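Student:
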Amino acid sequence: MRKIIFIALTLIPLLTFSQQQSIIPFFSNSEKWETGQYIGKDNFGNFYSINQNEFKKTSPNQLYFYKNVSLGKIHQVDLQNPLQLVLFYKQFTTAVLLDNQLNETARINFSELQTPLNPEAVSLASQNRLWVYDMLTQKLGLFDIQKSTFQSITPSFKENVKFYQSDYNYFYWIDTKQNLYVSNLFGKVNFLGHVPDYSQLQVVSPKQILMKIDNGLFLYNLEDESLSPIQLNEKSFSHFSFKDQILSIFTENEISQYKITLP
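Going by mature numbering (1 follows the signal peptide of the UniProt record, and there is no 0), the letters in the sequence shown line up with residues -22 to -1, 1 to 241, in that order.
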């Protein structure tokens, strides 16, 4: 009886969100993957990964590597611009900028600025700037790479940041109460909705999210709080990536590619 009650309670979070018709992607191909953490693929077909804290770029004809032991663990990688990659070393409050051959072009130690920062999030924004969420002020702002200046653009966040994702013009984040927000470059903040518990998440648009829940992949609609299961060949997987209508599913040593059209 206790087991039945426990199982029922664990299902409650999912049952509070309405289930929609399944989405069936078209399987394209699969390939073996080496040891390490897959980071992503750029528009030129180059693959990026981290293995034993070494950042690696795999091009069709050449391999490139970057490693900096003194800065600790790589916390986040931004691949938006293959000519200006951003590695964020959270432990040492430092961002490193790399060119397309993984040569270091700039290093920013935020704790050594005239007004020190303690970033929780760092990623590339437009016009040679970085998005920076500063834990000291709990504000989101823009850091000018050339001028080494920071300008906050939002009021202090009410809750800590649990997840973030960005592009050149928008910064998305989920706080510890599972609320999703977005800010533009001028600091205008919009509340997008509440999201269920997840193990991995990717914002597709202000209305849609792809999320891994347990061993399943779902499309979550923020407007009606509905979950649409995505049918995959894999019974379990470690993580996923979605870009340009291509869904990549990662198991322990293989990448499966699916073509998918989201409703």
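For each residue, glycine too, the CB sits at the ideal point set by N, CA and C.
Values in this document were obtained by computation on a predicted structure and should not be read as measured data.
#1: Since residue 55 sits in a beta bridge, which residues does DSSP pair it with?
#2: Which two residues bound the contiguous beta strand (DSSP E) that contains residue 146?
#3: From the DSSP output, in three-state form, read off residue 200 for me.
#4: Using DSSP's beta-bridge definition, name the partner residues of residue 87.
#5: Assuming residue 245 contacts residue 183 under a Cβ cut-off of 8 Å, what Cβ separation, rounded to an integer in Å, is found between them?
#6: Starting from residue 100, trace the beta strand (DSSP E) in both directions and tell me its first and last residue.
#7: Can you give the Cα-Cα distance for residue 181 and residue -1, rounded to whole angstroms?
#8: Going straight from the alpha carbon of residue 118 to that of residue 99, what length do you get?
#9: In this structure, does DSSP put residue 229 in helix, strand or coil?
#10: Kindly give me the distance between the Cβ atoms of residue 149 and residue 161, rounded to whole angstroms, as I take these residues to be in contact under 8 Å.
#11: Who does residue 110 pair with in a DSSP beta bridge?
#12: Apart from the five residues just before and just after residue 25, which ones in its own chain have a Cβ nearer than 6 Å to its Cβ?
#13: Could you tell me the distance, in whole angstroms, from the CA atom of residue 11 to the CA atom of residue 141?
#14: Can you tell me whether residue 47 is buried or exposed, with buried defined as 16 or more other CB within 10 angstroms of its CB?
#15: If you measure between the beta carbons of residue 146 and residue 3, is that distance less than 8 Å?
#16: To the nearest angstrom, report how far apart residue 217 and residue 90 are at their CA atoms.
#17: Can the beta-carbon of residue 95 be found closer than 8 Å to that of residue 102?
Tutor: With the structure as the only source:
#1: Numbered from 1 along the sequence shown, position 77 holds the residue referred to as residue 55. Here residue 55 is bridged, per DSSP, to 65.
#2: Against the sequence shown, residue 146 aligns to sequence position 168. Annotation: residue 146 is outside any beta strand (DSSP E) and is labelled neither H nor E by DSSP.
#3: Position 222 of the sequence shown, counting from 1, holds the residue named residue 200. In the structure shown, residue 200 adopts coil according to DSSP, grouped into three states.
#4: Within the sequence shown, numbered from 1, the residue matching residue 87 stands at position 109. Residue 87 pairs with 72.
#5: Because the chain in this structure spans residues -22 to 241, residue 245 falls outside the shown range and cannot be described.
#6: Numbered from 1 along the sequence shown, position 122 holds the residue referred to as residue 100. Residue 100 -> beta strand (DSSP E) spans 97 to 103.
#7: Stepping through the sequence shown from its first residue, residue 181 is reached at position 203. Stepping through the sequence shown from its first residue, residue -1 is reached at position 22. Distance between the alpha carbons of residue 181 and residue -1: 19 Å.
#8: Counted from its first residue, the sequence shown places residue 118 at position 140. Counted from its first residue, the sequence shown places residue 99 at position 121. Distance between the alpha carbons of residue 118 and residue 99: 9 Å.
#9: Counting from one through the sequence shown, the residue named residue 229 turns up at place 251. Coil at residue 229, not helix or strand.
#10: For the purposes of this step, residue 149 is taken as the residue at position 171 of the sequence shown. For the purposes of this step, residue 161 is taken as the residue at position 183 of the sequence shown. Contact holds; Cβ gap of about 5 Å.
#11: Looking up residue 110 in the sequence shown gives position 132. Answer is 100 and 119, bridged to residue 110.
#12: As a working note, residue 25 is residue 47 in the sequence shown. Same-chain partners within the cutoff: 19 and 36.
#13: Position 33 of the sequence shown, counted from the first residue, corresponds to residue 11. Position 163 of the sequence shown, counted from the first residue, corresponds to residue 141. Taking the straight line joining both Cα atoms gives about 26 Å.
#14: On the sequence shown, residue 47 is found 69 positions in, with the first residue counted as 1. By the 16-neighbour rule on beta-carbons within 10 angstroms, residue 47 is exposed.
#15: Taking the first residue of the sequence shown as position 1, residue 146 is located at position 168. Taking the first residue of the sequence shown as position 1, residue 3 is located at position 25. Cβ atoms of residue 146 and residue 3: not closer than 8 Å.
#16: Translated into positions along the sequence shown, residue 217 becomes position 239. Translated into positions along the sequence shown, residue 90 becomes position 112. Rounded to whole angstroms, residue 217 to residue 90 spans 35 Å at the Cα level.
#17: Counting from 1 along the sequence shown, the entry for residue 95 is found at position 117. Counting from 1 along the sequence shown, the entry for residue 102 is found at position 124. Result no, Cβ atoms of residue 95 and residue 102 do not sit closer than 8 Å.
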